[in-house]
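Protein chains: 4
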Amino acid sequence: MVRKLQVAVSGLGRMGARHALHFLDRTPRAELVAACDPDPKALAWAKQRLEPFGVKIYNDFDEMLKHEGLEAVVVAGITTEHAPQSIRAIAADKHVLCEKPLSTSLEICEGVLKAARQKPQLTVMCGFSRRFDASYRDAANRVESGDIGRVSIIRSQTCDKHRNDDYFVQYAKFSGGIFVDANIHDIDLALWYFGQDSVLKSVTALGINARLADLKKYGDVDNGIGVVEFWGGKIAYFYSSRMMAAGQTDTTEIIGTHGKIVVNGNPQKNLVEMHEATGIHRDVPQTYYDRFEQAFVTESNEFTECILDGKKPPFQLSGAISALKIGDALQKSLRTGKKIDFNEIGEEIVEEKARL
Amino acid sequence: MVRKLQVAVSGLGRMGARHALHFLDRTPRAELVAACDPDPKALAWAKQRLEPFGVKIYNDFDEMLKHEGLEAVVVAGITTEHAPQSIRAIAADKHVLCEKPLSTSLEICEGVLKAARQKPQLTVMCGFSRRFDASYRDAANRVESGDIGRVSIIRSQTCDKHRNDDYFVQYAKFSGGIFVDANIHDIDLALWYFGQDSVLKSVTALGINARLADLKKYGDVDNGIGVVEFWGGKIAYFYSSRMMAAGQTDTTEIIGTHGKIVVNGNPQKNLVEMHEATGIHRDVPQTYYDRFEQAFVTESNEFTECILDGKKPPFQLSGAISALKIGDALQKSLRTGKKIDFNEIGEEIVEEKARL
Amino acid sequence: MVRKLQVAVSGLGRMGARHALHFLDRTPRAELVAACDPDPKALAWAKQRLEPFGVKIYNDFDEMLKHEGLEAVVVAGITTEHAPQSIRAIAADKHVLCEKPLSTSLEICEGVLKAARQKPQLTVMCGFSRRFDASYRDAANRVESGDIGRVSIIRSQTCDKHRNDDYFVQYAKFSGGIFVDANIHDIDLALWYFGQDSVLKSVTALGINARLADLKKYGDVDNGIGVVEFWGGKIAYFYSSRMMAAGQTDTTEIIGTHGKIVVNGNPQKNLVEMHEATGIHRDVPQTYYDRFEQAFVTESNEFTECILDGKKPPFQLSGAISALKIGDALQKSLRTGKKIDFNEIGEEIVEEKARL
Amino acid sequence: MVRKLQVAVSGLGRMGARHALHFLDRTPRAELVAACDPDPKALAWAKQRLEPFGVKIYNDFDEMLKHEGLEAVVVAGITTEHAPQSIRAIAADKHVLCEKPLSTSLEICEGVLKAARQKPQLTVMCGFSRRFDASYRDAANRVESGDIGRVSIIRSQTCDKHRNDDYFVQYAKFSGGIFVDANIHDIDLALWYFGQDSVLKSVTALGINARLADLKKYGDVDNGIGVVEFWGGKIAYFYSSRMMAAGQTDTTEIIGTHGKIVVNGNPQKNLVEMHEATGIHRDVPQTYYDRFEQAFVTESNEFTECILDGKKPPFQLSGAISALKIGDALQKSLRTGKKIDFNEIGEEIVEEKARL
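Residue numbers (the working numbering), protein chains in the order written: chain A, 193 to 548; chain B, 193 to 548; chain C, 193 to 548; chain D, 193 to 548.
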């Protein structure tokens, strides 16, 4: 019989549960063998939905790590556990797929990177779902082919549908802020299309609280604008929002010297259009998962494939840290109201005044 | 000073009034010198809106024909007067732009054609507005260029917005039926893109009364499907409707052996899209004039140019008759429930049974 | 452990191989236990791709039927075997998912239906993939909700991309003709949206050979137009083609008294648009499978679910026969050049002349 | 006879000639009575194209101002003459429609404003063409209606098609820079939709020279990103480019707390789409005039109407100065590499260091 990757999922909240099901049902070369969560509600769900398929359920991560034959772990619990669990899993010689962000702290991220570098035989990936989306990949191939010339400007946005509850406010407590949480995807895209080695030149961020005044308590905004300049004539500009009326509208434009690629310029839920007395109408994906479900499934399959076939992951773990560094700088710019400049090796230029 | 064409408009109903204003305000090389209508209400409008600009107002067509210096007449009154007025205008050596249809009777149409042929120095045009529309002309140029190979299939529809009043029912009294009134435009397009010399092979028409049962009184339907086959491997299929919810949706597909041209596949009123809680929404032109206003203005300008510069019109008057012949055959097919076949010179094949 | 449906696939050609993989990899509640094909090339593929996963490979259908524990069979081999194998599988008390068409012969189809009716405990489905497509289902829900009023007109097309090889010609030998092979999907949609109990009133079909003259040898055309009228004021009109330049363009419009639903009015491969010196450009799915892959996967999952959970299939087997009856009538109309009429109980009206 | 406004046009370069023809041919209530240009080539054109229609041709602006009966002047010559000629025309009691920009100098602009304020009976307008575009007006009405809640974020871009000649480089000598020349339209839109009285809080601008290195000689860039913050929680972000491959792509998004309006999200030349072997394709307007021709015609008509009917212009002259002030600040930010902050009454905050 064919060997299947033995996988466990840690954290069975909204995204964790989805990861568990992706590995259980939609990743043919993997076998979900274990899952854990300290929360009784999550455990109850797992007993009902996973256990009957032979998945062993744990309430403790470190116990689960000892599961016999376990080869890989998906770390998908609360953000503050992402890095610690990843590091322990690496230490236990498990491959790791960690939900983004590794951490909202650069230093902690670098700890994960360091751990991973000590075990080069392990696949350690951070889950940037758009990297697995067919349209973003098509765009990458077109960039690669040179069809649009040298990529010079990138516009990208991550815009969530407005929610009537206080979800975004609760979430802001630990999300690290809108640039680190939402625009991190756009930053990662910019690094993908501009090149991972792009050197930061400046960042500027602004934001407002148009609907969610309570976000201010956590220093967060509900609409953010960020401009990120790289040395060598490359500028990315970002928009993030928590108040879209229609739904999830994540759009990206990649503008080269000889052409432009637009990804998701016309958001749509499916291929249906309604002609009604009020005009022509179409629905829009409501959530990030509605838009990127298939990308998450591709992610679980390619993570599996990398390990089983000894392939290199489609992107480096260090990229997650580059993206976070930029997200962090944007958060700082938002906080201080200042543009932040960087020298030609990407070090922040501290103003004289401050240095005195 | 530059010479301007001296034009009069006969009939100041909805379309006639528009023609008058197009010649008054939007046809720089023409001068509207006269207008007539027997209806007091129309006359009152003309007194107020046209007379102050030096337009002489008549209540009698033949009186108007004698207007000194008059060179051209737009015939835009009731359908039954189209042919008689056109013929008298031609007899009086006036150029003629006649609203469609020349007549719903083929015989009468041929009378106009005969009159026009006796005065080859005159420009006599029938107003097929789509012939002047920028998008349809772009399509014609692309067909001409050979980009889509040999045109083989045409799909075309003329679909009006539903009205809550009895307009369409009243209109059916004299319109000649939905194929002759609405699809006549699509038939004309088919002749344009297939070639005016296409020889009819068969017609089939079906229809229903989905919302306007009263149309039945006049033998008319509110939704019609027509299929028109030409010798040499060319088929056009048509749809017409009086019950569109969103607005005027006239779409055409020209399918060649090597490509397809779509005209107005995505109806839109303007360049605005709304993102709302219910999704993404856009408005649609509400009426035929909303969609084709600019084409009507181009029509008045080109009619003028043909006369002043001695140019040939963009299409032949005889084409209007070819289109009506097909429309008539579709109406007959609708009425009889039979497919009608034609021989290789386009003569109807009468079944043996009937001939006995 | 959870029970999984034990499934076998018969026929490992292009679609059969896909079905096998869908059940192997993308149908969590099913287990592919066997597969068969008489062709050595297909067997070699199966040995390499399926056997390592515990799938038993057979070269004989009847041998496979005896596979221990087998519960369900997917019949996906050559068309002429669809019905015989389905009937034998039913006789052996297996659930059956049969690729369309059951047969190109109505009589044979009815044989399958009869067999199925004798075993009401079995799930016997015919694979109309669009029934499982998210957009067509969304349309069905909207029809159901009454948002567009009474469905009155349906336009639907199945248009394949042109191929430079002789695939379509070879295929025509046994396909039954373009209306039975391609438009059968559109006919099925019409029955879905109009109601399965719609009574046929008339059919008319026309066709041409615009690029594939060799199809004539088999009485087939490369572009077909069909009009199907049902009693009670319902008309569907269809287009099928084998010569689309851009790709697979299957579009459907469902026109009700109070609104219109468009499915796939704007074909697109993914969410990417290119802005180039020649304008704005997007790619189109190249094949039927490109467009409907996910629908096929849903099909395998729902077939499984129906059996395991004792649910009713989303549509009746008899619907496949209703669709074929209409497709057959269209083929006859194409062949004879006649419109065919049916009385109010859907029986063909034979003309006096012919009866004498 | 009806009174027509007596208009003259100064400057018969590309846009001036268009203005002249708009008033000659497409502004029914105006009469073009004079035109002037010092350039012999422009004069030759005017003699041939305008004089035959009774337009008196001058080579001197001040001579033209004395033209008997002249009521209004369109100032459309070189930018440096916009303000001086406008001021002299106002002094001579003529209504003025001045092409944008009034001047690239704020001080000079204010001189025009002062002159205009001394003659409140005169209509003095600056030509912001988008203010007359049907789609932008539709957007304004929707904003006004409250449908999208409080406008919070505006994204707007002015992107020209790449040219192979040195037009943009030559043009940069006197254009004032990309933010003052191109994004000035977007700034004006932001003021329109946010409210003319919005108080500037900060500006940040960045730019690159991706294709036109020679622009650097004049301190200009070929791609610019600007972020403009207003007090009260409003942010506009802009993009301008001179290197679009496909054509003119001016897009605007107006994002409110409860909805979003997109203007020109899908640029298109007309209603034609091509299905070709390479996919689906559409053309894009090539120039600013291609996109806004009808808006310019509306402008000439409404300017005329304001004067003849004593109406207020659709926007204030002072708005042009507010826009320029912001454009100027963006240019300064680009030049210095600094974010510029403004206090709550819109005065630039000069850093301590600088003040010492």
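Built from N, CA and C at the ideal position, the CB exists for glycine as well. Here the structure is a predicted model, which is why all the values come from computation and not from measurement.
is_contact[residue i, chain D] using C-beta, thresh 8 Å
i, result
"Ala437(A)", "yes"
"Tyr148(A)", "Since the first and last residues shown for chain A are 193 and 548, residue 148(A) lies out of range."
"His377(A)", "no"
"Ala539(A)", "Per the sequence shown, residue 539(A) should be read as Glu rather than Ala. No, its Cβ sits nowhere closer than 8 Å to a Cβ of chain D."
"His450(A)", "yes"
"Lys531(A)", "yes"
Buried versus exposed call for residue i [16 or more other C-beta atoms within 10 Å across all chains shown]
i, result
"Ile446(B)", "buried"
"Val247(B)", "buried"
"Phe366(C)", "exposed"
"Thr528(B)", "exposed"
"Val194(D)", "exposed"
"Thr443(B)", "buried"
"Val395(B)", "buried"
"Glu494(B)", "buried"
"Glu421(C)", "buried"
is_contact[residue i, chain B] using C-beta, thresh 8 Å
i, result
"Glu468(D)", "yes"
"Asp252(A)", "no"
"Asn535(C)", "no"
"Gly471(A)", "yes"
"Glu465(D)", "yes"
"Gly425(D)", "no"
Contacts that residue i makes with chain D (C-beta to C-beta distance below 8 Å)
i, result
"Gly246(B)", "Met193"
"Ser337(A)", "The premise fails here: Ser337(A) is roughly 14 Å from chain D at the closest Cβ pair, so nothing lies under 8 Å."
"Arg347(A)", "Tyr431"
"Asp572(B)", "Since the first residue shown for chain B is 193 and the last is 548, residue 572(B) is missing from the structure and cannot be characterised."
Neighbour flag for residue i against chain C, beta carbons, 8 Å
i, result
"Leu204(A)", "no"
"Asp412(A)", "no"
"Asn462(A)", "yes"
"Arg547(D)", "Because Arg547(D) sits at a pLDDT of 47, beneath the cut-off of 50, its placement in the model cannot be relied upon, and the following sentence gives the value as read from the coordinates. No, Arg547(D) lies away from the interface with chain C (no Cβ there is under 8 Å from its Cβ)."
"Lys409(B)", "no"
Proximal residues of chain D, C-beta to C-beta of residue i below 7 Å
i, result
"Arg474(C)", "Gly471 and Ile472"
Closer than 8 Å to chain A by CB, residue i
i, result
"Ile249(C)", "no"
"Val454(C)", "yes"
"Ala487(C)", "no"
Neighbouring residues, chain A, relative to residue i (Cβ below 7 Å)
i, result
"Val419(D)", "Thr396, Leu398, Ile417 and Val419"
Per-residue contacts from residue i into chain B (C-beta, under 9 Å)
i, result
"Arg403(D)", "What Arg403(D) touches in chain B: nothing, since even the nearest Cβ is about 27 Å away."
Beta-carbon neighbours of residue i, restricted to chain B and to distances below 7 Å
i, result
"Ser580(D)", "One cannot answer for residue 580(D) here, as it falls past the ends of chain D, which runs 193 to 548."
Contact set between residue i and chain B, taken where Cβ atoms lie within less than 8 Å
i, result
"Trp342(C)", "One detail in the question is off: residue 342(C) reads as Arg in this sequence, not Trp. Residues of chain B passing the Cβ test: Ala402."
Interface partners of residue i on chain A, CB under 8 Å
i, result
"Ser492(C)", "The contacting residues do not exist; Ser492(C) stays about 13 Å from chain A at best."
"Ser327(C)", "Asn462, Leu463 and Val464"
Chain C contact residues for residue i, given Cβ-Cβ distances below 7 Å
i, result
"Gly457(A)", "Glu465"
- Item | Any beta strand (DSSP E) of 3 or more consecutive residues that is wholly inside the region 329–377 of chain A | If we require 3 residues or more, the beta strand (DSSP E) runs fully inside the region 329–377 of chain A come out as 343–353.
- So does the region 518–537 of chain C actually touch the region 361–381 of chain C, counting three or more Cβ pairs closer than 8 Å? yes
- Message: Does the region 507–514 of chain C come into contact with the region 301–317 of chain C, if we say contact requires no fewer than three beta-carbon pairs (one atom in each stretch) closer than 8 Å?
- Response: Enough Cβ pairs lie closer than 8 Å, so yes.
- Task: Can you check the region 447–497 of chain D for any alpha helix (DSSP H) of at least 4 residues that lies completely inside it and give the ranges in chain order?
- Result: Residue ranges of uninterrupted alpha helix (DSSP H) with 4 or more members are absent from the region 447–497 of chain D; none lies entirely inside it.
- Quick one: any contact between the region 199–218 of chain D and the region 420–434 of chain C, if contact means 3 or more CB pairs under 8 Å? no
- Enumerated in chain order, which unbroken segments of the alpha helix (DSSP H) with a length of 4 residues or greater are wholly contained in the region 195–245 of chain A? 206–217 and 232–241
- Query: Considering only residues of the region 260–319 of chain D, which uninterrupted alpha helix (DSSP H) runs meet the minimum length of 4 residues and lie entirely inside it, listed in chain order?
  - Reply: With a minimum length of 4 residues, the continuous alpha helix (DSSP H) runs that stay inside the region 260–319 of chain D are 271–283 and 298–310.
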